[in-house]
Amino acid sequence: MGIEEHSDRSGEVPGEAISLSQRELRNESGRVLRAVSAGASFTLTNGGVVVGRIVPVDAPPPALAITRPARRRGGWSSLGVTRATRPSLQDSIDELRADRV
């Protein structure tokens, strides 16, 4: 099926991407780019597996449904972690030196 057949389909939903195989893209890249310039979007497939999309530059980004906004609770201090006290570096050096005496 050629690009002109894709772009002239009357039953196509506006804004919906047209499926386009790797072979069609390779053989008809000029027509694909003209269709994209005119506002068409394409879903690229390779061996029947969707691998990418070609959309016009000014196309709005796909909207992600946000079910609820993220909430920040507490923070590190609310974990209740206490740090163990460590000896100072000077105490460690003095202890090592004491072994030599």
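Each residue of the sequence shown is one higher than the one before, counting from 319 in my numbering.
Beta carbons: idealized from backbone N, C-alpha and C, even for Gly.
Just so it is clear, the structure is predicted and the values come from calculations on it, not from any experiment.
Problem set entry | Span separating the alpha-carbon of Thr363 from that of Ser396 | The count along the sequence shown starts at 1 and reaches residue 363 at position 45. The count along the sequence shown starts at 1 and reaches residue 396 at position 78. If I take the Cα positions, the gap works out to 49 Å.
Problem set entry | Cβ-based burial, Glu334 [other Cβ within 10 Å; buried from 16] | Counting from 1 along the sequence shown, the entry for residue 334 is found at position 16. Exposed.
Problem set entry | Same chain, Cβ closer than 6 Å to Val373, five either side skipped, listed in chain order | Numbered from its first residue, the sequence shown carries residue 373 at position 55. Cβ neighbours of Val373 beyond the five flanking positions: Ser359.
Problem set entry | Collapsed DSSP secondary structure at Leu382 in the structure displayed | Here residue 382 refers to the residue found at position 64 of the sequence shown. Three-state result, Leu382: coil.
Exercise. How many angstroms separate the CA atom of Ser337 from the CA atom of Glu346?
Worked result: As a first step, residue 337 is located in the sequence shown; it is residue number 19 there, counting from the start. As a first step, residue 346 is located in the sequence shown; it is residue number 28 there, counting from the start. Each residue's Cα considered, the two are about 14 Å apart.
Exercise. Straight-line CA distance for Ser339 to Asp376?
Worked result: Residue mapping note: residue 339 aligns to position 21 of the sequence shown, counting from 1. Residue mapping note: residue 376 aligns to position 58 of the sequence shown, counting from 1. Answer to the nearest angstrom: the Cα atoms are 23 Å apart.
Exercise. Which residues bound the beta strand (DSSP E) around Arg371?
Worked result: Reading the sequence shown from its first residue, position 53 is the one you call residue 371. 367–372 is the span of the beta strand (DSSP E), which, as asked, contains Arg371.
Exercise. In its own chain, which residues sit with a C-beta less than 7 Å from the C-beta of Ser325, not counting the 5 before and 5 after it?
Worked result: As a first step, residue 325 is located in the sequence shown; it is residue number 7 there, counting from the start. Legend: pLDDT at Ser325 = 46, less than 50; position of this residue unreliable, no value from coordinates given.
Exercise. Does DSSP put Ser406 in a helix, in a strand, or in coil?
Worked result: Sequence index remark: in the sequence shown, residue 406 carries index 88 (1-based). In this structure, Ser406 counts as coil in the three-state DSSP scheme.
Problem set entry | Close-in-space but distant-in-sequence residues of the same chain around Thr400 (CB under 7 Å, 5 per side omitted) | Here residue 400 corresponds to residue number 82 of the sequence shown, with the count starting at 1. Excluding five sequence positions before and after Thr400, none of the CB atoms of its chain fall closer than 7 Å to its own CB.
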